[in-house]
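Visitor: Next up is a structure, given as structure tokens.
There are 2 protein chains.
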Amino acid sequence: MAERQDIHPSVQDSLQRVTELLHKHELAEGHAHGEQGPRQELVETLMHKLHFVELRKLLDALHSADIAYVLEMLPLEQRLMVWNLVAAEREGEILLEVSDAVRETLIAHMDERELVAAAEQLDTDEIADLAPDLPHGVIQGVFKALSPGEREQLRAAMSYPEDTAGALMDFDMISIRDDVTVEVVLRYLRRLDEMPDHTDQLFVVDRTGRLEGLLPVNRLLVTDPGTPVTAVMQPEPVKFHPEEKAQDAANAFERYDLVSAPVVDGEGKLVGRVTVNAVMDYIREETESDVLSAGGLREGEDLFASVWKSVHNRWAWLAVNLVTAFIASRVIGLFEESIARLVALAALMPIVAGISGNSGNQTITMIVRALALGQITAANARKLFAKEIGVSVLNGLIWGGVVGLFAFLIYRNWQLGLVMMGAMVLSLMLAAVMGVAVPLVMQRFGRDPALGSSVMITAITDSGGFFIFLGLATVFLV
Amino acid sequence: MAERQDIHPSVQDSLQRVTELLHKHELAEGHAHGEQGPRQELVETLMHKLHFVELRKLLDALHSADIAYVLEMLPLEQRLMVWNLVAAEREGEILLEVSDAVRETLIAHMDERELVAAAEQLDTDEIADLAPDLPHGVIQGVFKALSPGEREQLRAAMSYPEDTAGALMDFDMISIRDDVTVEVVLRYLRRLDEMPDHTDQLFVVDRTGRLEGLLPVNRLLVTDPGTPVTAVMQPEPVKFHPEEKAQDAANAFERYDLVSAPVVDGEGKLVGRVTVNAVMDYIREETESDVLSAGGLREGEDLFASVWKSVHNRWAWLAVNLVTAFIASRVIGLFEESIARLVALAALMPIVAGISGNSGNQTITMIVRALALGQITAANARKLFAKEIGVSVLNGLIWGGVVGLFAFLIYRNWQLGLVMMGAMVLSLMLAAVMGVAVPLVMQRFGRDPALGSSVMITAITDSGGFFIFLGLATVFLV
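Here it is in structure tokens:
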């Protein structure tokens with residue numbers, strides 16, 4: 022697939038040329054609509070066509086992934102103009118490469134016939150990746166065009182949930198029988214025009230299709246042709262089941278530096294393979310969605326999405342935030358009398374809430390990461406609690422001392438300083454306990470601790486910090 | 022290197038067995054220190070030894086990456102116990118696999134001789150990866166043990182800054198001359214016992230060492246042996262320079278689904294290669310450090326670091342946060358008189374600051390991501406500003422309406438509700454403008470916009486939100 026041309030250093034250049042050509046085209050169009058003689062109009066039209074021809078040539082020379090990159094960066098109108106110039110037989114591949122948000126905009130401007138044609142150029146596992154974004158009619162159309170074997174593959178590929186090894190799987194593997202020699206394998210391979218991408222090894226199966234071992238392609242080259250396959254293959258390879266978590270597969274790829282790995286069903290029969298490029302894409306998407314959700318976005322946003330779409334995408338987290346802010350506001354409301362008597366409390370309270378929020382987020386970041394790596398067990402959880410509480414007490418004394426001094430210097434009230442310090446220690450301890458507990462509890466209830474942990478800890482440290490500080494102040498100062 | 026044993030599904034089991042054995046060992050030790058007859062003591066000592074023997078056997082069967090995983094999860098004392106049982110010839114590999122924080126704890130407990138021995142088992146590019154953590158004397162010792170060619174490689178590998186393609190590079194490539202036939206290549210390969218990991222292609226060079234093209238190993242298998250290498254090689258491959266940004270190399274690997282790629286110097290001479298496993302490790306480390314710094318941690322923390330070490334690691338961000346909190350506090354201080362007259366302001370002000378902080382973080386997350394992907398140009402930056410301001414005004418009216426209503430319902434004061442709403446619109450606009458501007462300015466001044474953008478926007482929206490809300494209230498209400 023991937024024609025390795027020397028395009029990598031020049032993607033930026035290509036993008037610049039695309040935008041230049043689009044710009045010229047726009048200028049030409051602007052002129053064409055102005056007042057002018059028929060002859061000038063003709064010249065403009067020719068110019069206009071010339072830019073299109075040049076643009077099309079430029080696009081044809083680009084790798085599909087690079088065209089995807091260019092499409093991501095163009096505002097909607099220009100994006101569709103470029104999309105119309107892309108050769109029809111490359112549309113499927115490019116749709117696979119663009120982000121979900123941009124894919125939506127492209128698909129919305131294609132009719133069913135075009136979409137079926139684009140999907141048909143892809144492998145079944147790739148069609149399955151695209152399927153959630155395709156209208157039902159298109160999928161039906163694609164099904165009709167497939168062979169019975171491919172239909173079976175597509176049905177299987179579409180049946181695996183997004184976060185399973187099955188969703189990462191492709192069917193482009195070469196499998197060989199275990200009762201042949203290396204020579205037979207070499208002869209078989211020579212009959213193929215080309216091996217599938219990422220074929221670093223062949224899969225050795227018995228007559229029923231059960232996976233017996235792996236035969237690295239590199240070993241084929243250094244082995245005597247008369248050797249039986251079973252003598253050079255690696256038995257007991259790392260293998261996955263389609264229902265297995267994609268994250269576990271990704272971890273195995275990283276840990277054991279794999280390029281490809283077999284997928285077997287419950288009976289040990291080879292059903293597909295996972296390659297490192299599918300794993301890289303998965304890792305990228307996962308970390309991206311973690312970053313987005315940590316930033317309060319529901320999903321990746323087309324840079325040039327309409328204002329309305331953006332508002333929609335950001336709605337949910339703002340609403341959650343509003344609720345937690347209302348709660349914090351009512352906590353403060355409880356102590357309005359105290360604040361009215363000692364207005365310094367209003368100015369100081371955000372410090373306590375802010376620092377404990379920050380500290381709680383530090384703890385939670387560490388715990389969420391350790392959970393993702395599977396590093397937390399029942400045995401070490403208690404040690405972690407103890408450590409985090411130790412850290413929070415030490416931090417509370419240090420930073421509480423600083424803020425207490427700050428309060429004293431500004432308001433010349435040493436009792437206020439002491440209350441500040443006490444509140445810092447207590448609310449940092451709260452942040453530490455909840456910073457460990459929140460992700461553990463979420464995990465226990467089967468939820469992803471990376472999603473929403475930060476919002477929850479901030480809500481707790483805000484309301485909790487206000488309550489502790491204003492409560493202590495009410496008891497000791499007012 | 023990577024022996025592909027069927028260890029992947031059983032890492033969790035192994036960990037459990039390791040901890041069980043350690044636990045038994047501890048129990049045995051506990052007994053041994055109790056009061057008992059000499060015979061019982063002997064039994065305990067034997068038990069104790071047995072556990073060690075069993076543990077060592079278990080460790081020998083594990084992949085280095087899995088031992089690293091186990092070490093990460095053990096508290097310091099047990100970790101060192103296991104470390105002492107690891108076969109000496111695997112120590113180098115394991116040191117490479119563990120996290121920086123855990124590596125430090127292991128290195129701290131090895132003497133110079135052990136460290137030199139461990140490093141000597143590694144390839145030069147791997148030694149270079151380890152070098153920053155090794156005492157100077159160890160590096161000297163390793164240098165002495167290397168051949169002149171390897172010394173040159175190590176010196177080169179150590180000279181590339183962390184974020185360059187050169188730092189990802191290894192020297193395990195097979196290069197062939199461009200004036201031979203496929204048959205010669207096959208004969209040459211057969212003389213090798215084994216090809217290096219991730220050898221999906223050979224590098225074709227001319228007599229001066231300049232890279233001419235790539236010869237995929239898979240193509241060797243399907244090509245007639247009489248064919249000249251130049252007829253089957255891929256000319257003009259994707260290649261990198263050692264000084265190039267590692268991120269660009271990683272992007273190219275993802276985009277073009279590469280397994281390996283050549284690195285050439287300024288004259289086009291082949292100096293090394295980058296493989297997909299180095300890229301995956303790089304991506305993992307990058308996203309990890311982004312996540313950590315977003316959570317306010319300076320670097321990865323050993324789960325069982327001492328309280329003191331943790332406090333140290335988290336110190337910097339808490340200090341920054343404290344300064345911004347102090348500033349926000351002084352902004353509120355400016356309006357203490359207004360608050361004393363209308364104490365509801367104290368309860369309502371965190372809502373304005375909180376929501377605009379959240380909204381600003383949404384904007385900044387999107388912009389930082391787009392910058393990392395190279396999607397923002399001078400041409401589209403203005404469009405982005407316009408879009409984000411549009412979103413903020415719409416959000417301001419929607420959420421401002423909600424919080425205004427909230428304020429009215431609680432305090433029965435419609436002017437207060439209107440001020441709330443106005444303050445929301447203005448501070449969301451501030452968040453939008455700064456959410457776009459802060460990362461762009463950081464980028465312009467050559468700083469990584471992913472680091473600290475979030476802290477900065479929160480500081481701005483806190484102080485700004487308080488100022489806008491309390492300012493409007495002072496003008497219109499008090």
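Heads up: the protein sequence lines correspond to chains A and B, in order. In this text, residue positions in the first sequence follow the working numbering: the first is 22, and each later residue adds one. In this text, residue positions in the second sequence follow the working numbering: the first is 22, and each later residue adds one. For every residue, glycine included, the Cβ atom is placed at its ideal position computed from N, Cα and C.
Any beta carbon from chain A within less than 8 Å of Ile-481 (chain B)'s own beta carbon?
Guide: No, its Cβ sits nowhere closer than 8 Å to a Cβ of chain A.
Visitor: I'd like to check one pair, Ile-353 (chain A) with Phe-270 (chain B): are the Cβ atoms closer than 8 Å?
Guide: Per the sequence shown, residue 270 (chain B) should be read as Ala rather than Phe. Against a cut-off of 8 Å, the Cβ pair of Ile-353 (chain A) and Ala-270 (chain B) comes out as no contact.
Visitor: Let me check understanding here. Comparing Cα to Cα, which of B:Val-225, B:Val-440, B:Leu-405, B:Gly-187 lies closest to Asp-200 (chain B)?
Guide: Among B:Val-225, B:Val-440, B:Leu-405, B:Gly-187, the Cα nearest to that of Asp-200 (chain B) is on B:Val-225.
Visitor: Nearest-angstrom Cα distance between Thr-220 (chain B) and Asp-193 (chain B)?
Guide: When rounded, the distance between both Cα atoms is 9 Å.
Visitor: Using CA coordinates, which residue listed in B:Leu-136, B:Pro-460, B:Val-238, B:Ile-360 is at the minimum distance from Ala-494 (chain B)?
Guide: Nearest C-alpha to Ala-494 (chain B): B:Ile-360.
Visitor: What number of angstroms, rounded off, separates the C-alpha of Gly-293 (chain B) from the C-alpha of Val-253 (chain B)?
Guide: Their Cα atoms are separated by approximately 22 Å.
Visitor: Give, in chain order, every unbroken run of the alpha helix (DSSP H) that is at least 4 residues long and sits entirely within the stretch 414-468 of chain A.
Guide: Correct list: 435-465.
Visitor: With a threshold of 8 Å between beta-carbons, can Phe-325 (chain A) be considered close to chain B, or not?
Guide: Cβ-Cβ to chain B under 8 Å: yes for Phe-325 (chain A).
Visitor: Name the residue from B:Pro-283, B:Phe-427, B:Lys-404 whose alpha carbon lies nearest to the alpha carbon of Leu-95 (chain A).
Guide: Residue B:Lys-404 is the option with its Cα nearest to Leu-95 (chain A).
Visitor: So, using beta-carbon positions, are Ala-140 (chain A) and Val-107 (chain A) closer together than 8 Å?
Guide: It is not a contact, given that the beta carbons lie outside the stated cut-off.
Visitor: Look at Ser-234 (chain B) and Pro-256 (chain B) and say whether their C-beta atoms are less than 8 Å apart.
Guide: Per the sequence presented here, residue 234 (chain B) reads as Gly, with Ser not at that position. Cβ atoms of Gly-234 (chain B) and Pro-256 (chain B): closer than 8 Å.
Visitor: For chain A, find out if any of its Cβ atoms is closer than 8 Å to the Cβ of Pro-283 (chain B); answer yes or no.
Guide: No, its Cβ sits nowhere closer than 8 Å to a Cβ of chain A.
Visitor: Glu-215 (chain A) CB to nearest chain B CB: under 8 Å?
Guide: With 8 Å as the cut-off, Glu-215 (chain A) counts as an interface residue toward chain B.
Visitor: Can a CB atom of chain A be found closer than 8 Å to the CB of Lys-45 (chain B)?
Guide: Cβ-Cβ to chain A under 8 Å: no for Lys-45 (chain B).
Visitor: For Leu-92 (chain B), which residues in the same chain have their Cβ closer than 8 Å to its Cβ, ignoring the five residues on either side in sequence?
Guide: Arg-100, Val-103, Trp-104, Ile-115, Val-119, Val-123, Leu-127, listed in sequence order.
Visitor: In whole angstroms, give me the CA-to-CA distance for Met-455 (chain B) and Gly-381 (chain B).
Guide: Approximately 7 Å, taken between the alpha carbons.
Visitor: Just how far apart, CA to CA, sit Glu-306 (chain B) and Phe-356 (chain A)?
Guide: Using only the alpha carbons, I get a separation of about 46 Å.
Visitor: Would Thr-384 (chain A) be called buried (16 or more neighbouring beta carbons within 10 Å of its own) or exposed?
Guide: So Thr-384 (chain A) counts as buried.
Visitor: Answer with yes or no whether the minimum CB distance from Arg-276 (chain A) to chain B is below 8 Å.
Guide: Chain B, which has a Cβ nearer than 8 Å to the Cβ of Arg-276 (chain A), makes this yes.
Visitor: Ala-53 (chain B) to Val-39 (chain B), Cα distance in whole Å?
Guide: Confidence at Ala-53 (chain B) is low in this model, with a pLDDT of 48, below 50, so its placement is unreliable and the value that follows should be read with caution. Taking the straight line joining both Cα atoms gives about 21 Å.
Visitor: Anything in chain A within Cβ reach of Asp-218 (chain B), meaning under 8 Å, just list it in chain order.
Guide: Within chain A, the residues near Asp-218 (chain B) are Asp-278.
Visitor: If we require 3 or more residues per run, which beta strand (DSSP E) segments fall completely within the stretch 290-340 of chain B?
Guide: Complete beta strand (DSSP E) runs here, min 3: 291-296.
Visitor: Is it the case that the Cβ atoms of Val-297 (chain A) and Phe-261 (chain A) are separated by a distance below 8 Å?
Guide: Their beta carbons are not under 8 Å apart, which means Val-297 (chain A) does not touch Phe-261 (chain A) by this criterion.
Visitor: Just to confirm before moving on: does the CB-CB distance between Val-259 (chain B) and Ser-281 (chain B) stay below 8 Å?
Guide: Cβ distance not < 8 Å, so Val-259 (chain B) and Ser-281 (chain B) don't count as in contact.
Visitor: With distances taken Cα to Cα, identify the nearest neighbour of Pro-470 (chain A) among A:Thr-345, A:Pro-460, A:Thr-479, A:Met-477.
Guide: Out of A:Thr-345, A:Pro-460, A:Thr-479, A:Met-477, A:Pro-460 has the C-alpha closest to the C-alpha of Pro-470 (chain A).
Visitor: Taking any Cβ of chain B, which residues in the stretch 342-364 of chain A have a Cβ under 7 Å from it, in chain order?
Guide: The residues in question are Asn-342, Leu-343, Ala-346, Phe-347, Ala-349, Ser-350, Ile-353, Gly-354, Glu-357, Ile-360, Ala-361, Val-364.
Visitor: In three-state DSSP terms, what is Gly-234 (chain A)?
Guide: Strand.
Visitor: Say whether chain A places a C-beta atom closer than 8 Å to the C-beta of His-333 (chain B).
Guide: Output row for His-333 (chain B): interface = no.
Visitor: Report the CB separation of Phe-487 (chain B) from Ala-374 (chain B) in whole angstroms; it is logged as a contact under 8 Å.
Guide: About 6 Å separates the two Cβ atoms, so the contact holds.
Visitor: Taking only runs of the alpha helix (DSSP H) that begin and end inside the stretch 177-262 of chain B, which ones reach a length of at least 4 residues, in chain order?
Guide: Fully enclosed alpha helix (DSSP H) runs of 4 or longer: 186-189, 203-212, 238-243, 250-253.
Visitor: What are the residues in the stretch 421-451 of chain B lying within 8 Å of chain A by C-beta distance?
Guide: Per Cβ criterion, the list reads Val-423, Val-424, Phe-427, Ile-431.
Visitor: Taking DSSP as the reference, what is the three-state secondary structure of Ala-471 (chain B)?
Guide: Ala-471 (chain B) falls in the coil class under three-state DSSP.
Visitor: Can you grab the Cα-Cα spacing for the pair Gly-417 (chain A) / Ile-372 (chain B), in whole Å?
Guide: Their backbone Cα atoms lie some 26 Å apart in a straight line.
Visitor: Could you tell me if the beta carbon of Met-190 (chain B) falls within a distance shorter than 7 Å of some heavy atom in the ligand PLP?
Guide: Among the components of this structure there are no ligands whatsoever, and the ligand PLP is therefore not found.
Visitor: Write down every uninterrupted run of the alpha helix (DSSP H) in the stretch 96-156 of chain A whose length is 4 residues or greater and which is fully enclosed by it, in chain order.
Guide: Counting only runs of 4 or more, we get 97-106, 112-118, 121-128, 133-141, 145-151.
Visitor: When DSSP labels each residue in this structure, what does Val-284 (chain B) get in the three-state scheme?
Guide: Reduced to three states, the DSSP call for Val-284 (chain B) is strand.
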